[in-house]
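Quick notes on the structure that follows.
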Amino acid sequence: MSKTITQDLSFLHLISGASLPVQLVMLLLLLASFISWWFIFRKLFTLRQEIKQTDEFESVFWRGSDLNALYQRAASARHAAGSMERIFEAGFREFTKYQSGIDIGPIMDSTRGAMRAVYQREMDRLESHLSFLATVGSVSPYVGLFGTVWGIMNAFRELSNVGQATIAHVAPGIAEALIATAMGLFAAIPAVIAYNRYASDTAQLATRYESFIEEVSNVLQRRVAKPRDMANFS
Amino acid sequence: MVRLPGNKNEPGKLRAALFALLVHAAFLALLVFGLNWKNEAPEAMSVDLWADLPQRPIKPVSPVAQVTSQPEPAKPQSRPQQKTQPQPQPVIKATPPPVRKPEIALKDKTEKPQPKEEVKKLEPVKKEVSKEEPAKKPVEKPASKEEVKKPELVKKEAPKTESIKKVEQKTEKKDDARQQAEAQKQDQQREQQMAAAKAAQARALGEIEKYKAMIQAKIRSRIIMPPDLPGNPAVEFMVTLLPGGDVLTVTLRKSSSYTAFDEAVERAIYLAKPLPLPPDPGLFNEFRNLNITVYYRE
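Chains as they are written, first to last, in the UniProt record's numbering: chain A, 1 to 234; chain B, 1 to 298.
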C-alpha cells in the first residue's frame with residue numbers, strides 16, 4: 001500500500017504540475033473518454049439485444065406461424081419487443097384498419113408507409129450516440145496533441161530561462177505534456193473501433209429490416225388478393 | 001412508442017457506466033504502474049555501482065570479521081564447562097559416564113568443523129585487504145590452538161571408560177594436526193596478500209587525493225567570480241562523472257545563498273570538463289560521484 005501511495009504521488013504530481021490549459025485538455029479528454037466508453041457499453045448491450053431479438057422474431061415469423069397471433073403477441077409485449085417486431089406490429093395494425101373491399105393499392109401504400117415510419121425511428125434509435133463516438137474518435141487525438149504541444153512549448157520556454165540545458169530540465173515538462181496525448185489516444189482508439197463496429201452492425205440490421213418490410217408487404221398483399229380469407233379474418 | 005425502448009435500456013445504462021468506470025480505473029492503474037517502473041530503475045543502477053567499488057568493502061568487511069571471530073574466544077568459556085562435567089563423574093562412577101561422554105565427543109566433533117568453515121569463508125573477503133586484520137590474527141591463532149588442545153584434554157579423561165572412543169580420538173588428532181597446518185598456511189598467504197594490498201591502497205589513496213586536488217584546481221580556474229560578496233560563502237555540488245571525465249549531472253547540495261556564486265561555480269564545473277581522472281580505470285569508482293565544495297575566498 002505504501003508503495004502505491006508514493007507512485008500515486010509522483011503521478012499526480014506530474015498532472016498537477018502541468019499548466020492550466022494542459023490540465024483543462026486532460027479534463028476534457030477524460031470526460032470525453034468516459035462518455036464515449038459509456039456509450040460504447042450501452043450500444044454494445046443494445047445492439048446485442050437487438051440482434052438477438054431480430055433473430056428470434058425472424059425465425060418465428062418464417063416458421064409460418066399465424067400473423068394474427070404474432071400481432072397479438074407484439075402488441076401485448078411492446079416493451080420487450082425488438083425493432084423488427086415493432087415494424088411488423090405497426091404494419092399489421094395499419095393493414096387491419098382497412099376493411100375489405102377497398103383497393104389493394106392504398107392499403108399497401110399506407111401499410112408500407114407505417115412500417116417505414118417505425119423503421120426510420122428504430123434506425124434513429126440504433127444510430128443514436130454513434131455520431132458522438134465518431135466525433136471523439138476523430139477529434140480527441142488532436143485535442144490531446146494540442147495539450148502536448150502547449151506543454152512542450154512551456155517546457156522549452158522555461159528551458160530558455162535556465163541557461164544551461166539539461167535533459168533533467170525538459171524531461172518533466174515533456175512527460176507531463178505527453179500524458180495529454182496518451183489520454184487523447186486512449187479516448188480515440190476505442191471510440192473509432194466501436195464506431196466502425198457498431199456502424200456495420202446497424203447497417204446490417206437496416207438491410208434486414210428493409211428486406212423484412214418488403215417481405216411483409218408481399219405477404220399482406222397476398223392476403224388481400226384472397227378476399228375470403230380477409231373476410232374471415234376481420 | 002419511441003420512448004418506450006429508451007426505458008427498456010435503463011438497466012443497461014447503469015451497467016455501461018459501471019463498465020466505463022472500470023475501464024478508466026484500469027487505464028489509470030496502467031499509467032501509475034508504468035510511471036513507477038521508471039522511478040525504480042535508477043535506484044537499482046546506483047546499487048550496482050556501489051557493489052563494484054573495490055575500496056569501499058574495507059570498512060564493512062572488518063566488522064564482519066570481528067563479529068565472526070568473537071565466537072572463537074567465547075568457546076574456551078564453554079569448554080571448561082564441559083570439562084567440569086566429566087570431573088563429577090568419578091564420584092558417581094555408575095553408568096552415567098558412558099552416556100555423557102559420547103555426547104561431549106559428539107559436541108567436539110560438531111563444533112570443530114564450524115570454526116574451520118568460518119575461517120574459509122572469511123578468507124576471500126580478507127584478501128581484499130583490511131588494516132585491522134594483523135591485530136586480529138594473533139588472537140585467532142591462539143584460539144585455534146586452544147581449540148585443538150582442549151579436545152585432547154577431554155580425550156585424556158575419556159580413556160577411563162571405553163576403548164572405542166580412543167579410535168575416534170586418534171582420528172580426531174590427525175584431523176587437528178592437518179587443520180593446524182592448513183591454518184598456518186592460510187595465515188601466511190593472508191599476510192602476504194594484505195601487505196601487498198595495503199601498499200596498493202596507499203598508492204591509490206595518494207593518487208585519488210592528487211586527482212581530486214587537480215579537479216578542484218581546474219574547476220577553480222574556470223570560475224568567473226561574482227564581485228563583492230560578503231564573507232567567505234561556500235557552495236557544495238554533487239558531480240556525477242562519466243568515465244573519460246565528462247560531467248553527467250551537477251546537483252546543488254548546499255547553496256551558498258548567493259545564486260550568482262552558485263551559478264558561476266556550476267558553469268565552471270561544466271566548463272572544466274573533461275575533468276582530470278587517474279589513468280587507472282579501477283579508481284574511477286572513487287570519482288563517479290564527487291562532492292565538490294568551493295569557497296568564495298581561498
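Cβ coordinates follow ideal geometry from the N, Cα and C atoms, glycine included.
- When Cβ-Cβ separations below 8 Å define contact, B:T259 makes no contact with chain A.
- Between the alpha carbons of A:T166 and B:E236 lies a distance of about 19 Å.
- Going by DSSP, A:R48 is part of the alpha helix (DSSP H) stretching over L20 to W62.
- Against chain A, a Cβ distance below 7 Å from B:G12 picks out R42, F45 and T46.
- Bounds of the alpha helix (DSSP H) holding B:E263 are T259 to L271.
- For B:N291, there is no enclosing alpha helix (DSSP H); the enclosing beta strand (DSSP E) covers residues N289 to Y295.
- For B:A17, the closest Cβ of chain A is nearer than 8 Å.
- Scanning chain B for C-beta atoms nearer than 8 Å to the C-beta of A:Q164 yields E266, R267 and Y270, reported in chain order.
- According to DSSP, B:K254 shares a beta bridge with B:E236.
- DSSP places A:T166 outside both helix and strand once states are collapsed to three, so it counts as coil.
- The C-beta distance from B:I219 to B:A264 rounds to 11 Å, too long to meet the 8 Å contact threshold.
- According to the DSSP assignment, A:A75 belongs to the alpha helix (DSSP H) that extends over L67 to S76.
- B:T249 is bridged by DSSP to B:T240.
- Inclusion of B:L283 and B:L241 in the CB contact set at 8 Å is not warranted, their separation being larger than that value.
- Burial is judged here by how many other beta carbons sit within 10 angstroms of a residue's own beta carbon; B:F33 has fewer than 16 and is exposed.
- Taking 8 Å as the CB threshold, A:F92 stays off the interface with chain B.
- Non-local beta-carbon contacts of A:A168 in its own chain, meaning distances under 8 Å to residues more than five positions away in sequence, are absent.
- Rounded to the nearest whole angstrom, the CA to CA distance from B:Y295 to B:P230 is 12 Å.
- Across the structure, A:T54 and A:V60 are spaced so that their CA atoms are roughly 10 Å apart.
- Residue burial annotation: A:W62 is exposed, with fewer than 16 other C-beta atoms found within 10 angstroms of its C-beta.
- When the alpha-carbon of A:P190 is set against those of A:R222, A:F132 and A:L220, the nearest one is in A:F132.
- In this chain, B:P276 is not harboured by any alpha helix (DSSP H), its DSSP state being neither H nor E.
- Excluding its 5 nearest sequence neighbours in each direction, A:G82 has C-beta neighbours in its own chain below 7 Å: E50, Q53, T54 and F57, listed in chain order.
- Apart from the 5 residues on each side of it in sequence, A:S110 sits with its Cβ closer than 8 Å to the Cβ of E94 and Y98 in its chain, given in chain order.
- A straight line joining the alpha-carbon of B:Y270 with that of A:I40 spans about 55 Å.
- A:H129 counts as buried, since no fewer than 16 other beta carbons sit within 10 angstroms of its beta carbon.
- Against B:T240, chain A offers no close residue; the least beta-carbon distance is about 11 Å (beta-carbon pairs closer than 8 Å).
- Beyond the five residues adjoining it in sequence on each side, B:N232 comes within less than 7 Å, by CB distance, of Y295, Y296 and R297 in the same chain, given in chain order.
- In the three-state scheme derived from DSSP, where H, G and I count as helix and E and B as strand, A:G17 is classed as coil.
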